[in-house]
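> Here it is, the structure in full.
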Amino acid sequence: MLLEAVIRKMLVDGDQWASWQGYHIPVSEQYFVIWTPIGTPMHWKPGTWTAYKHQLSYFWPEAWYTIHAGYDEQGKCISVYCDVVLPRADYTNTAEELIYVDLYIDVVVREDYSVYTKDQEVFERAARAYPIVEQSRKRSFEALDWLDEQARQWTGPFEVIPRQLSGTNFELYEPEEAAKMLQKQI
Numbered sequence: 001m002l003l004e005a006v007i008r009k010m011l012v013d014g015d016q017w018a019s020w021q022g023y024h025i026p027v028s029e030q031y032f033v034i035w036t037p038i039g040t041p042m043h044w045k046p047g048t049w050t051a052y053k054h055q056l057s058y059f060w061p062e063a064w065y066t067i068h069a070g071y072d073e074q075g076k077c078i079s080v081y082c083d084v085v086l087p088r089a090d091y092t093n094t095a096e097e098l099i100y101v102d103l104y105i106d107v108v109v110r111e112d113y114s115v116y117t118k119d120q121e122v123f124e125r126a127a128r129a130y131p132i133v134e135q136s137r138k139r140s141f142e143a144l145d146w147l148d149e150q151a152r153q154w155t156g157p158f159e160v161i162p163r164q165l166s167g168t169n170f171e172l173y174e175p176e177e178a179a180k181m182l183q184k185q186i
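Sequential numbering of the sequence shown, starting at 1, is according to the UniProt record's numbering.
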């Protein structure tokens with residue numbers, strides 16, 4: 001069975017905005033992937049709901065972003081959400097928690113693979129309230145622009161994100177099997 005992990009989305013003020021459980025798929029040592037199947041409780045500050053899509057969450061050590069790809073019941077990629085975040089070095093394939101601090105601006109890929117950015121006004125409000133956000137302005141917007149460009153070309157970090165999964169039951173496999181299944185799809 002795959003190792004379980006909890007993903008925690010934190011705000012710069014230290015509040016937890018969201019958390020959910022998933023499973024490590026040890027596909028690489030350069031980046032880390034968490035599988036969250038449909039039906040998983042998603043605990044967000046405004047409330048809890050049940051995931052209506054499968055999700056692969058991608059974490060890169062020291063990167064200014066994390067990426068969440070959503071899949072329908074047939075394994076078709078129907079959304080990708082890229083959070084610009086404060087970099088962290090402590091991600092591993094065995095971490096019980098993967099925590100990231102959201103810097104509010106995002107790149108979104110729709111089901112038709114059109115791309116847009118969002119929440120620049122939220123970033124501006126946060127920059128006035130929290131020095132760390134203002135201090136990260138240049139790097140945050142560089143990451144946003146880079147992710148936007150990479151998403152449009154499906155290059156860079158998007159190259160490891162399948163547009164179609166051949167199966168949606170990774171949690172039933174041993175780590176090596178799940179990793180091979182995912183590697184075949186990228």
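Glycine residues also receive a C-beta, built at the ideal position from the N, C-alpha and C atoms. These numbers were taken from a predicted model, which means no experiment stands behind them.
Cβ of Arg-139 within 8 Å of Cβ of Trp-49?
Result no, Cβ atoms of Arg-139 and Trp-49 do not sit closer than 8 Å.
> What residue range does the alpha helix (DSSP H) around Arg-125 cover?
Here the alpha helix (DSSP H) through Arg-125 covers 120–129.
> So the beta strand (DSSP E) Asp-102 belongs to, where does it begin and stop?
Its beta strand (DSSP E) spans residues 97–109.
> So what's Asp-112 in DSSP terms, helix, strand or just coil?
Coil.
> How many angstroms separate the CA atom of Val-182 from the CA atom of Leu-165?
Here residue 182 is Leu; the residue named in the question, Val, does not match the sequence. The alpha-carbon atoms of Leu-182 and Leu-165 are separated by roughly 8 Å.
> May I ask which residues mark the beginning and end of the alpha helix (DSSP H) holding Glu-142?
Glu-142 -> alpha helix (DSSP H) spans 137–153.
> Run through the DSSP bridge pairs and tell me what Leu-56 is partnered with.
In DSSP, Leu-56 forms a bridge with Trp-35 and Ala-69.
> Taking the continuous alpha helix (DSSP H) assigned at Met-1, which residues delimit it?
Taken as a continuous stretch (DSSP letters only), Met-1 belongs to no alpha helix (DSSP H), as it is neither H nor E.
> Could you tell me which of Asp-148, Asp-15, Trp-35 and Glu-29 sits nearest to Ala-5, measuring between CA atoms?
Comparing Cα positions, the closest option is Trp-35.
> Measure the Cβ-Cβ separation of Pro-162 and Ile-186 and say whether it is below 8 Å.
Cβ atoms of Pro-162 and Ile-186: closer than 8 Å.
> Given 8 Å as the limit, is there contact between the stretch 147–154 and the stretch 128–136, that is, 3 or more CB pairs closer than that?
No, the stretch 147–154 is not in contact with the stretch 128–136.
> By the DSSP assignment, the alpha helix (DSSP H) with Pro-175 in it spans what residues?
Residues 175–184.
> Looking at the unbroken beta strand (DSSP E) that takes in Ala-18, where does it start and where does it end?
16–25 is the extent of the beta strand (DSSP E) around Ala-18.
> Could you tell me the distance, in whole angstroms, from the CA atom of Ala-95 to the CA atom of Leu-2?
Computed Cα separation, rounded: 12 Å.
> Grouping DSSP H, G and I as helix and E and B as strand, with all else coil, what is Val-85?
Three-state DSSP puts Val-85 in a strand.
> Compare the beta carbon distance of Trp-17 and Met-10 with 8 Å and say whether it is the shorter of the two.
Yes, the Cβ-Cβ distance between Trp-17 and Met-10 is below 8 Å.
> If you check the beta carbons only, do Ala-126 and Val-12 fall under 8 Å apart?
Result yes, Cβ atoms of Ala-126 and Val-12 sit closer than 8 Å.
> Go through its chain and collect everything with a Cβ distance to Tyr-71's Cβ below 8 Å, but skip five positions before and after it.
Here the set comprises Lys-53, His-54, Gln-55, Leu-56, Cys-77, Ile-78, Leu-165 and Thr-168.
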